[in-house]
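Numbering (my numbering), first residue to last: 1 to 430.
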């Protein structure tokens with residue numbers, strides 16, 4: 001991570017933002033992405049300076065990722081702006097990062113490091129703290145040499161000839177690897193406890209839903225509006241890192257458990273996708289997904305694409321998905337008529353709601369009640385001993401209400417399962 005912690009506590013840092021524009025990209029898209037980067041660094045209490053868009057010509061630029069002449073120009077501009085750090089809206093390799101820091105004379109980081117630092121600031125529960133620390137250490141391991149460039153590492157050769165800096169790097173690497181192993185062991189224990197809680201919850205006859213979507217689209221606000229529960233709601237990126245589950249009453253004796261998950265973001269670091277898979281598995285295990293989009297956003301197509309991409313990586317893209325356009329109170333029906341007509345044409349089953357004003361929430365509850373009612377259809381089956389694959393399927397993808405093993409090895413089940421799997425049990429139903 002960047003070595004700016006002590007400075008961040010004593011003064012506000014100034015961040016010079018840089019976006020790379022390749023030949024096949026739209027400059028407006030890059031500008032929007034830099035706006036998001038400005039909001040990201042703002043969440044770290046940095047002042048984002050006027051962003052710079054650099055056009056990247058075809059060909060490999062291994063040293064700085066852009067041409068050396070343009071790199072020197074950017075470094076000079078950043079110094080003239082009295083920037084403390086240069087932030088790229090892309091990832092830099094460890095060697096590129098070191099080259100840039102030598103050229104600039106200060107810290108140079110990529111978008112990935114910014115997001116990791118935000119997650120570190122927001123983590124609160126033990127699992128989230130462990131996950132973020134693990135992700136940060138795995139990111140830092142190949143970048144340790146950045147911390148020791150001021151020490152002598154000029155002498156090569158055998159162990160006895162190694163310089164002070166090289167010895168310190170090796171010591172740090174051993175410490176980091178040891179800590180990474182400890183974190184992995186602690187997380188394994190926490191995840192086993194979470195799996196036990198999930199299995200207990202899944203055996204209850206309650207419909208399960210998960211709210212997913214881009215960060216800051218109003219997922220927590222929607223959960224609070226539907227449940228009336230006191231839930232943290234902030235107008236900031238990644239305000240929610242840990243899943244928050246609340247029971248929602250749908251009328252006619254129907255209810256469901258709705259879980260708010262961590263928000264997605266463009267170029268979400270791979271370490272964080274891996275680290276938060278146990279949290280994001282709420283989306284995989286849910287009966288349905290509420291995919292929330294900010295209807296007032298100018299980047300709604302990109303936000304949808306990013307969300308679907310993360311769901312695909314988690315293996316949840318084939319779940320039953322209800323698209324919800326939130327913040328409907330922030331659009332003008334006349335001024336935004338074309339945009340709204342386009343969205344309704346693309347997503348005819350989508351709902352337009354406002355968690356702030358409450359409009360559209362009754363229609364949403366009615367649709368959730370319809371889904372929950374269908375999920376309550378129970379099946380009774382006697383599965384023979386040689387069909388343990390079906391027993392495993394019910395355990396992994398359904399809800400079990402009664403389970404009894406017979407002396408001959410067969411299993412009598414009362415269960416509910418998604419419609420796409422029901423045909424596999426037809427011959428064994430009672």
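Here a beta-carbon is modelled for each residue, glycine too, at the ideal position from N, C-alpha and C. Given the structure is predicted, the values throughout are model-derived calculations rather than measurements.
Top-ranked residue by Cα proximity to residue i, from the options
i           : options            : result
residue 389 : 48, 353, 257, 410  : 410
residue 73  : 103, 131, 95       : 103
residue 301 : 288, 126, 314, 323 : 323
residue 361 : 295, 225, 313, 330 : 225
residue 144 : 98, 252, 329, 24   : 98
residue 49  : 31, 83, 65         : 83
residue 129 : 186, 267, 171, 12  : 186
residue 63  : 19, 51, 92, 46     : 92
residue 285 : 382, 341, 217, 210 : 210
residue 327 : 27, 336, 299, 293  : 293
residue 385 : 406, 332, 228      : 406
residue 227 : 364, 56, 69        : 364
residue 222 : 290, 174, 22       : 290
residue 80  : 15, 247, 120, 298  : 15
residue 353 : 245, 367, 56       : 367
residue 413 : 424, 421, 394      : 394
residue 89  : 39, 338, 125       : 39
residue 452 : 312, 75, 57, 220   : Lying outside 1 to 430, the shown extent of the chain, residue 452 is not represented and no answer is given.
residue 45  : 380, 416, 85       : 85
residue 190 : 123, 127, 215      : 127
residue 311 : 263, 329, 331      : 263
residue 54  : 41, 37, 22         : 22
residue 172 : 193, 184, 138      : 138
residue 251 : 27, 119, 371, 399  : 371
residue 296 : 313, 305, 315, 343 : 343
For residue i, three-class secondary structure by DSSP
i           : result
residue 247 : strand
residue 26  : coil
residue 78  : helix
residue 416 : strand
residue 430 : coil
residue 422 : helix
residue 147 : Residue placement at residue 147 cannot be trusted, given a pLDDT of 48 that sits under 50; the coordinates are not used to answer.
residue 159 : Caution is warranted here: a pLDDT of 37 is assigned to residue 159, below 50, making its placement in the model unreliable, and no coordinate value can be reported.
residue 173 : helix
residue 319 : coil
residue 310 : helix
residue 411 : strand
residue 35  : helix
residue 299 : coil
residue 69  : helix
residue 188 : helix
residue 43  : coil
residue 123 : coil
residue 179 : helix
residue 165 : In this predicted model, residue 165 has a pLDDT of only 48, less than 50, meaning its place in the structure is not dependable enough to derive any value.
residue 62  : coil
Residues that DSSP places opposite residue i in a beta bridge
i           : result
residue 326 : 294
residue 15  : 48, 85
residue 214 : 264
residue 288 : 209, 320
residue 54  : 20
N-terminal and C-terminal residue of the beta strand (DSSP E) that residue i is part of
i           : result
residue 401 : 398-405
residue 259 : 254-260
residue 107 : 107-110
Range of the contiguous alpha helix (DSSP H) that encloses residue i
i           : result
residue 136 : 126-140
residue 92  : Note, residue 92: premise wrong, no alpha helix (DSSP H); not H, not E.
residue 224 : 219-227
Residue i: CB within 8 Å of a non-hydrogen atom of the ligand NAD
i           : result
residue 406 : Because no ligand of any kind appears in the structure shown, any question about the ligand NAD cannot be addressed here.
Run through the region 331-394 for me and flag every whole alpha helix (DSSP H) of 4 or more residues, listed as ranges in chain order. 337-346, 361-375
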